[in-house]
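First up is the structure itself, then whatever we jot down about it.
2 protein chains.
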Amino acid sequence: MSSEEFTQHISKQFNADLEEVRSHILAMGGMVEKQVIDAVQALVEGDSALAAEVISNEKQVNGMERRIDEECTRIIALRQPAASDLRLLVAATKANTDLERIGDEANKIAKMAIRLSEDGAIPRGYIEIRHIGNHVNAMLRQALDAFARFDVEQAIAVVREDKSVDVEYESAMRLLVTFMMEDPRYIKRALNVMWSLRALERIGDHARNIAEQVIFLVKGKDIRHMPLSSLDDNDLVNNGEGV
Amino acid sequence: MSSEEFTQHISKQFNADLEEVRSHILAMGGMVEKQVIDAVQALVEGDSALAAEVISNEKQVNGMERRIDEECTRIIALRQPAASDLRLLVAATKANTDLERIGDEANKIAKMAIRLSEDGAIPRGYIEIRHIGNHVNAMLRQALDAFARFDVEQAIAVVREDKSVDVEYESAMRLLVTFMMEDPRYIKRALNVMWSLRALERIGDHARNIAEQVIFLVKGKDIRHMPLSSLDDNDLVNNGEGV
Numbered sequence: 031m032s033s034e035e036f037t038q039h040i041s042k043q044f045n046a047d048l049e050e051v052r053s054h055i056l057a058m059g060g061m062v063e064k065q066v067i068d069a070v071q072a073l074v075e076g077d078s079a080l081a082a083e084v085i086s087n088e089k090q091v092n093g094m095e096r097r098i099d100e101e102c103t104r105i106i107a108l109r110q111p112a113a114s115d116l117r118l119l120v121a122a123t124k125a126n127t128d129l130e131r132i133g134d135e136a137n138k139i140a141k142m143a144i145r146l147s148e149d150g151a152i153p154r155g156y157i158e159i160r161h162i163g164n165h166v167n168a169m170l171r172q173a174l175d176a177f178a179r180f181d182v183e184q185a186i187a188v189v190r191e192d193k194s195v196d197v198e199y200e201s202a203m204r205l206l207v208t209f210m211m212e213d214p215r216y217i218k219r220a221l222n223v224m225w226s227l228r229a230l231e232r233i234g235d236h237a238r239n240i241a242e243q244v245i246f247l248v249k250g251k252d253i254r255h256m257p258l259s260s261l262d263d264n265d266l267v268n269n270g271e272g273v
Numbered sequence: 031m032s033s034e035e036f037t038q039h040i041s042k043q044f045n046a047d048l049e050e051v052r053s054h055i056l057a058m059g060g061m062v063e064k065q066v067i068d069a070v071q072a073l074v075e076g077d078s079a080l081a082a083e084v085i086s087n088e089k090q091v092n093g094m095e096r097r098i099d100e101e102c103t104r105i106i107a108l109r110q111p112a113a114s115d116l117r118l119l120v121a122a123t124k125a126n127t128d129l130e131r132i133g134d135e136a137n138k139i140a141k142m143a144i145r146l147s148e149d150g151a152i153p154r155g156y157i158e159i160r161h162i163g164n165h166v167n168a169m170l171r172q173a174l175d176a177f178a179r180f181d182v183e184q185a186i187a188v189v190r191e192d193k194s195v196d197v198e199y200e201s202a203m204r205l206l207v208t209f210m211m212e213d214p215r216y217i218k219r220a221l222n223v224m225w226s227l228r229a230l231e232r233i234g235d236h237a238r239n240i241a242e243q244v245i246f247l248v249k250g251k252d253i254r255h256m257p258l259s260s261l262d263d264n265d266l267v268n269n270g271e272g273v
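First to last, the sequence lines map onto chains W and Z.
All you need for our numbering is the position in the first sequence, starting with 1, plus 30.
All you need for our numbering is the position in the second sequence, starting with 1, plus 30.
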């Protein structure tokens with residue numbers, strides 16, 4: 031299904047409503063993306079002022095979430111959309127929840143950044159934080175891009191990418207466990223780095239969820255909980271509407 | 031709004047549809063509740079067979095989530111509900127996501143239970159796991175109860191309860207950090223207990239989310255991200271429909 035198909039409506043107002051939801055989701059996406067980048071930078075560079083900024087922006091993200099939710103519910107009630115339009119609104123509502131949760135995770139990383147800047151840095155884990163941070167941020171950007179262009183192939187790429195984030199995460203965690211055992215004085219601070227890694231790994235999960243919503247949106251096919259291997263299915267990529 | 035008000039519809043079929051969604055949500059709630067209880071028991075008692083059972087039940091929970099989601103979308107498309115009925119379907123969709131995530135967390139605890147039963151137990155943290163496990167399970171049961179009876183007061187009680195789980199969680203974490211520093215040989219295993227505590231704390235968050243959906247459902251008021259103090263507002267408890 032192309033972007034145009036979503037915009038062929040008798041009612042111009044309805045059309046405008048749907049476009050607005052889409053652009054609000056993308057604006058919120060841009061906002062949480064910046065939150066994640068700033069939180070990671072604050073942690074890696076020990077910049078507690080930047081971390082405080084992330085924490086104070088959290089309210090704005092929550093406000094955006096509430097407005098998008100209200101918007102979607104209002105449109106469903108007023109316009110009573112069917113088929114692909116309804117799917118767009120359902121997908122937008124779910125993507126909205128995931129974006130807000132990404133904001134929550136960025137907030138947690140910012141809190142850890144403040145603790146670490148108070149307690150002092152540790153000699154391990156920062157490279158991994160930056161690396162995985164870049165990785166999940168790229169996933170998030172691609173998932174939003176896929177949402178903007180109804181691009182199923184890109185969405186499938188994001189779903190696959192999540193596996194490699196998980197591998198990087200596991201390896202970083204092992205490194206930190208070894209480090210803690212070698213030098214127990216660092217346990218407390220290393221735990222803060224671990225919680226931050228965990229938060230990044232969850233951001234990858236949420237980006238994956240958004241990508242799955244794009245696939246549902248375009249194909250009408252709910253691929254959550256399906257094995258990755260089944261995504262090789264050409265049907266999913268090349269056909270028109272699914273179920 | 032009482033339960034009867036939700037059931038006064040011209041179409042008997044629509045009525046039956048809504049009741050079915052509600053009962054499916056409650057059935058799924060019962061299922062994930064059991065998953066959490068079993069996962070905690072498996073961990074505390076080192077019962078890896080029970081943990082394996084929890085892990086294999088995960089698929090069933092995911093299947094239930096998918097079916098409820100499809101059901102809600104189908105009803106919205108077919109019946110084009112407005113006002114309170116639409117809110118019920120939106121709330122059900124969101125509660126559904128939270129229940130599935132609780133299932134995920136139970137699954138994680140079960141995995142930790144298997145690791146701990148392989149690596150050997152540690153002398154700390156189990157009392158806290160059991161205690162917080164009971165606490166979040168009670169919250170979950172109350173949230174589902176509130177959902178079943180459209181009971182706003184009980185829902186508000188659950189929202190409040192989440193604060194005290196957070197306090198218990200922080201205290202258990204501090205205990206484990208101290209323990210790790212005293213005896214670094216236990217670091218790896220203590221981390222597994224910490225991840226399980228984290229999972230329980232998140233289950234509390236999800237129970238809170240479900241309770242917030244009940245308030246939204248009955249009052250039409252989105253209380254997410256509102257300060258707890260504002261819940262003292264008698265309007266919220268005693269009045270009829272809100273916004």
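Glycine is no exception: its CB is placed at the ideal position from the N, C-alpha and C atoms.
Assigned exposure category for W/Asp-30 - 16 Cβ within 10 Å defines buried: For chain W, the structure presents residues 31 to 273; residue 30 of chain W sits outside this window and is missing.
Classification of Z/Thr-208 by the beta-carbon crowding that lies within 10 angstroms, buried from 16 upward: exposed
Every unbroken alpha helix (DSSP H) inside the stretch 181-217 of chain W [4 residues or more]: 182-212
Pairwise C-alpha distance: Z/Ala-229 and W/Ile-152: 26 Å
Contact check, W/Leu-73 vs W/Ala-143, beta carbons under 8 Å: Cβ distance < 8 Å, so W/Leu-73 and W/Ala-143 count as in contact.
8 Å CB neighbourhood of Z/Arg-204 in its chain, flanking five on each side removed: Within the same chain, Z/Arg-204 has no close Cβ partners at all.
N-terminal and C-terminal residue of the alpha helix (DSSP H) that Z/Ala-112 is part of: No alpha helix (DSSP H) holds Z/Ala-112; DSSP gives it neither H nor E.
Through-space distance from W/Ile-240 to Z/Glu-88, alpha-carbon basis: 21 Å
Under the three-state DSSP convention, the category W/Ser-41 falls into: Collapsing the DSSP output to three states places W/Ser-41 in coil.
Minimum C-alpha distance to Z/Asp-128 - residue among Z/Asp-149, Z/Leu-170, Z/Leu-108: The residue with the shortest Cα to Cα distance from Z/Asp-128 is Z/Leu-170.
8 Å CB neighbourhood of W/Glu-63 in its chain, flanking five on each side removed: Asn-167, Leu-170, Arg-171, Leu-174
Chain-ordered chain W contacts of Z/Val-207 [CB-CB under 8 Å]: Ile-217, Lys-218, Leu-221
Segment contact, 8 Å Cβ cut-off, at least three pairs: the stretch 105-114 of chain Z with the stretch 40-60 of chain Z: yes
Reference Z/Ile-157; option with closest CA among Z/Ser-41, Z/Ser-53, Z/Val-70, Z/Val-66: Z/Val-70
Distance between beta carbons of Z/Phe-177 and Z/Ala-125, contact taken as under 8 Å: 6 Å
Neighbour flag for Z/Val-120 against chain W, beta carbons, 8 Å: yes
Straight-line gap, W/Val-66 to Z/Ser-41 (C-alpha atoms, nearest Å): 48 Å
Interface flag, Z/Pro-153 vs chain W, CB-CB below 8 Å: no
Whole-Å CB distance - Z/Val-223 paired with Z/Gly-155, under 8 Å assumed: 4 Å
Chain Z contacts made by the stretch 184-211 of chain W, where a contact means CB separation under 9 Å: Met-203, Val-207, Met-210, Met-211
Test: W/Ile-106 CB closer than 8 Å to a CB of chain Z: yes
Contact set for W/His-165: own chain, Cβ-Cβ below 6 Å, skip 5 residues either direction: Val-195
Residue from Z/Met-61, Z/Ala-113, Z/Ile-55 with nearest C-alpha to Z/Gly-250: Z/Ala-113
Alpha-carbon to alpha-carbon, Z/Glu-242 and Z/Arg-254: So the two alpha carbons sit approximately 7 Å from each other.
Candidates Z/Arg-117, Z/Ile-85, Z/Ile-217: closest to Z/Gly-133 by CA position: The shortest C-alpha separation from Z/Gly-133 is found at Z/Ile-85.
Enclosing alpha helix (DSSP H) for W/Arg-154 [first to last residue]: According to the DSSP assignment, W/Arg-154 belongs to no alpha helix (DSSP H), since it is labelled neither H nor E.
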